[in-house]
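Here is the structure we will look at.
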Amino acid sequence: MSHGLLLSFEVTILVLAIFLGFEVISKVPTLLHTPLMSGTNAIHGIVIVGAMLVAGMGHKDTLTSIVGLVAVVLASANVVGGFVVTDRMLEMFRKREAPPAESPAGAPPQGGDDGTPPPSN
Amino acid sequence: MGQVATNFAYLATIIAFILALRFLSSPATARRGNWIGAVGMLIAIGVTFAQNEIMSYWEILVGMAIGGSFGAVAARRVKMTAMPQMVALFNGVGGGAAALISLAEFHNTAPAPGQLHGDISVAIILSALIGSISFAGSMVAFAKLQELIQGRPIVYPGQQLVNGALLAAVLACGIAIVAGAEQQWLMVALILGALLFGVLFVLPIGGADMPVVISLLNAFTGLAAAATGFELENNVLIVSGMLVGASGTFLTVLMGRAMNRSIANVLFGAFGQVSAGAAAAAADTDGGTVRSASADDIAVMLAYAHKVIFVPGYGMAVAQAQHDVRQLADLLEQRGVEVSYAIHPVAGRMPGHMNVLLAEANVPYPQLHEMDESNEEFPRTDVALVIGANDVTNPDARNNQGSPIYGMPILNVDQAQTVVVLKRSMNPGFAGIENPLFLNPKTVMLFGDAKASITDLIAAVKQQ
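Chains as they are written, first to last, in my numbering: chain A, 22 to 142; chain B, 2 to 465.
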């Protein structure tokens with residue numbers, strides 16, 4: 022494939038991704054904006070692919086070795102940290118806590134809204 | 002692994018990421034979505050390992066072991082109140098990785114002049130430039146949020162000029178490289194200049210504007226990743242990077258709108274300097290009619306109310322009072338009081354900060370109400386309990402055209418029967434803007450640390 026043709030495909034994909042991105046993200050309720058930030062943080066950890074390609078190159082000089090290694094360190098911190106922190110956060114969002122909780126005197130939920138669908142967004 | 006198979010495997014990753022974001026549309030599915038995203042990432046990493054270009058593995062494995070364990074430990078240990086810093090940090094390392102990849106790519110392709118296609122060198126420059134700014138800017142944001150450096154804007158005369166000149170110089174390096182001067186030192190100069198610019202650009206931005214800055218830096222890192230995708234001719238990087246870029250841009254615009262300020266004003270306005278005028282205005286109110294009350298008095302109001310709305314702000318995060326707030330709410334609910342929480346979009350230091358803290362304290366999320374919803378409820382609310390929030394409740398934003406925050410959408414707490422404000426002292430809030438809410442005859446103040454005050458209130462309500 023000629024270089025120009027490849028570039029035109031890439032730009033097409035880029036533009037579609039922009040529209041898709043806005044479409045999907047506008048449906049995220051404000052309640053979840055912090056997990057959205059940390060989740061997208063984890064997603065940009067995809068630069069780890071580039072970092073691996075640099076660090077795994079054959080016949081590279083010292084500079085490339087060092088830069089590649091550091092890039093892999095940063096990117097993997099990004100990936101692991103991003104997903105773990107997002108998981109920790111999302112685990113906390115509950116409609117009502119499970120009955121045997123540590124809270125004082127198991128007060129019955131007043132609204133009784135346990136079975137109803139979430140009124141988010 | 003063949004190119005076609007690789008591309009299809011990367012497509013699986015792209016689908017996983019899109020699903021991860023889609024599942025974030027409801028708290029009930031969001032966690033599953035995050036797992037799907039993580040699986041997508043694992044696929045991408047596995048596929049990359051199988052590439053023919055990868056000849057040596059030990060650097061990758063060592064790097065992953067170091068970075069991965071750091072990320073895991075940091076993410077497990079961080080307190081929820083410190084989440085804005087953590088988001089800034091992970092944002093920065095992603096940008097840094099993108100910049101380093103560009104540096105290595107350039108270093109390995111540049112020695113033979115003319116080997117770089119014009120668009121590839123543009124991609125390398127952009128990824129190096131944006132990645133470096135994002136890295137350095139995020140580190141300064143981290144330092145500000147962690148209070149390693151002061152949160153107030155750091156300004157000096159001619160600051161905009163210096164920043165502008167620096168950015169122009171960095172861009173000149175980039176243009177020279179694209180024009181054919183493929184010199185290594187130009188690339189190094191570009192990266193160093195961009196790092197310095199990143200630092201200087203975030204320093205004058207105040208702590209209360211951090212929700213905008215963090216969102217913007219998030220968008221930057223996404224764009225840097227997308228540029229890296231062009232440089233490596235890799236679709237998964239282009240799509241993922243742009244998804245993040247779109248998300249960051251969306252949040253930046255949303256935060257700007259929630260403060261009724263343009264993004265340019267947030268970035269270059271150095272909002273939150275203590276001006277002489279504001280200080281004088283603060284002095285005026287010292288003799289004003291601020292009513293303060295004891296915890297016992299306020300406990301009576303709360304205990305016999307029909308409806309109470311909690312209005313949390315950054316002060317609640319600083320005092321780490323979210324668990325105590327939840328306990329007080331429980332106590333009131335047991336007495337039959339209707340309780341909800343009013344969350345302003347820019348309360349705290351990042352988008353959604355208050356929601357995360359209250360979720361941590363096991364507050365059921367249906368009780369967390371957005372601004373518009375809460376504003377409909379205030380007129381039929383007996384007590385609005387403001388915990389460490391200030392500017393987002395300031396009625397001057399509605400009434401006083403001279404106020405710096407005039408036009409900002411606020412929580413209309415003053416429409417409740419009574420407003421109780423928990424505050425450390427009469428010092429004006431972060432932006433140094435006087436808040437007439439405190440002088441309102443409906444308002445009573447309870448001075449002290451938010452956590453201590455809430456604990457007192459809990460004890461006093463139990464006595465009722």
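All C-beta atoms in this analysis are idealised placements derived from N, C-alpha and C, irrespective of residue type, glycine included.
Check: Just reading off the beta strand (DSSP E) that lysine 308 of chain B is part of, what are its end residues?; Outcome: 308–313
Check: In three-state DSSP terms, what is lysine 463 of chain B?; Outcome: helix
Check: Assign lysine 145 of chain B to one of three DSSP states: helix, strand, or coil.; Outcome: helix
Check: Using beta carbons (cut-off 8 Å, strictly below), is alanine 279 of chain B in contact with chain A?; Outcome: Low confidence applies here, because alanine 279 of chain B scores a pLDDT of 48, under 50, leaving its location unreliable; read the following figure in that light. By this cut-off, alanine 279 of chain B is not an interface position.
Check: With contact counted as at least three CB pairs below 8 Å, one residue from each stretch, are the region 85–94 of chain B and the region 135–144 of chain B in contact?; Outcome: yes
Check: What does leucine 35 of chain A reach in chain B if we use C-beta pairs closer than 7 Å?; Outcome: Ala227, Ile239, Met243
Check: Is the CB of alanine 461 of chain B under 8 Å away from at least one CB in chain A?; Outcome: no
Check: Along the chain, where does the beta strand (DSSP E) containing alanine 343 of chain B start, and where does it finish?; Outcome: 339–344
Check: List the residues that DSSP assigns as beta-bridge partners of threonine 419 of chain B.; Outcome: B:Val384
Check: For isoleucine 310 of chain B, which residues of its own chain have a beta-carbon under 6 Å away from its beta-carbon, when the five flanking residues on both sides are left out?; Outcome: Ser341, Ala343, Thr382, Ala385
Check: Classify threonine 229 of chain B as helix, strand or coil using the three-state DSSP reduction.; Outcome: helix
Check: Please list, in chain order, all residues of the same chain as glycine 194 of chain B whose beta carbon is under 7 Å from its beta carbon, the five residues on each side excluded.; Outcome: Leu167, Ala170, Val171, Cys174
Check: Just to check my reading of the structure: arginine 350 of chain B and glycine 208 of chain B have Cβ atoms closer than 8 Å, yes? What is that Cβ distance to the nearest angstrom?; Outcome: 7 Å
Check: First and last residue of the alpha helix (DSSP H) that includes threonine 189 of chain A?; Outcome: There is no way to answer for residue 189 of chain A, as the model of chain A reaches only from 22 to 142.
Check: Can you find a CB in chain A that lies within less than 8 Å of the CB of threonine 7 of chain B?; Outcome: no
Check: Let me check one thing: in DSSP terms, what residues is glutamate 371 of chain B bridge-paired to?; Outcome: B:Ile344
Check: Which same chain residues, not among the five before or five after serine 59 of chain A, have their C-beta less than 7 Å away from its C-beta?; Outcome: Gly103, Val106, Thr107, Met110
Check: When the cut-off is 8 Å and only beta carbons count, does methionine 1 of chain B lie next to chain A?; Outcome: Absent from the structure is residue 1 of chain B, since the part of chain B shown begins at 2 and ends at 465.
Check: Considering only the beta carbon of each residue, do valine 387 of chain B and valine 422 of chain B sit closer than 8 Å?; Outcome: yes
Check: Could you tell me whether the Cβ atoms of glycine 66 of chain A and alanine 38 of chain A are closer together than 8 Å?; Outcome: no
Check: Any C-beta of chain A sitting closer than 8 Å to the C-beta of threonine 382 of chain B?; Outcome: no
Check: Can you give me the C-alpha to C-alpha distance between alanine 280 of chain B and phenylalanine 107 of chain B, rounded to a whole angstrom?; Outcome: Since pLDDT at alanine 280 of chain B reaches only 45, below the 50 mark, its modelled position is unreliable, and the value read off the structure follows with that caveat. Approximately 52 Å, taken between the alpha carbons.
Check: State buried or exposed for histidine 80 of chain A, treating a residue as buried only when at least 16 other CB atoms are found within 10 Å of its CB.; Outcome: exposed
Check: Using a Cβ cut-off of 7 Å, pull out every chain A residue sitting near histidine 118 of chain B, in sequence order please.; Outcome: His24
Check: My output table needs one value for alanine 38 of chain A: the three-state DSSP class, helix, strand or coil.; Outcome: helix
Check: Tell me whether isoleucine 455 of chain B is buried or exposed, calling it buried when 16 or more other Cβ atoms sit within 10 Å of its Cβ.; Outcome: buried
Check: Starting from arginine 23 of chain B, find everything on chain A with Cβ-Cβ shorter than 7 Å and list it in chain order.; Outcome: Val45
Check: With the cut-off set at 8 Å, would you say leucine 146 of chain B and methionine 81 of chain B are in Cβ contact?; Outcome: no
Check: Which whole-angstrom value describes the C-beta separation of isoleucine 192 of chain B and leucine 104 of chain B, a residue pair presumed to lie in contact below a C-beta threshold of 8 Å?; Outcome: 6 Å
Check: Report the residues of the region 354–366 of chain B with a CB closer than 8 Å to any CB of chain A, ordered along the chain.; Outcome: His354, Asn356, Val357, Ala360, Glu361, Asn363, Pro365, Tyr366
Check: Going along the chain, which residues of its own chain have a beta-carbon closer than 6 Å to the beta-carbon of alanine 453 of chain B, five neighbours each way excluded?; Outcome: none
Check: Counting only Cβ pairs nearer than 7 Å, list the residues of chain B close to serine 97 of chain A.; Outcome: Gly64, Met65, Gly68, Gly69, Gly72
Check: Taking 7 Å as the limit between beta carbons, can you name the residues of its chain near serine 404 of chain B, skipping five residues before and five after?; Outcome: Asp397, Ala398, Ile434
Check: Mind checking the region 16–44 of chain B against chain A and listing, in chain order, the residues whose C-beta falls within less than 7 Å of any C-beta there?; Outcome: Phe18, Ile19, Ala21, Leu22, Arg23, Leu25, Ser26, Ser27, Pro28, Ala29, Ala31, Arg32, Asn35, Gly38, Ala39, Met42
Check: State yes or no: is the beta carbon of glutamate 378 of chain B nearer than 8 Å to at least one beta carbon in chain E?; Outcome: Considering every chain present, this structure includes no chain E. Its protein chains are A and B.
Check: So which of B:Ile19, B:Ala45, B:Ile44 has the shortest CA-CA distance to arginine 33 of chain B?; Outcome: B:Ile19
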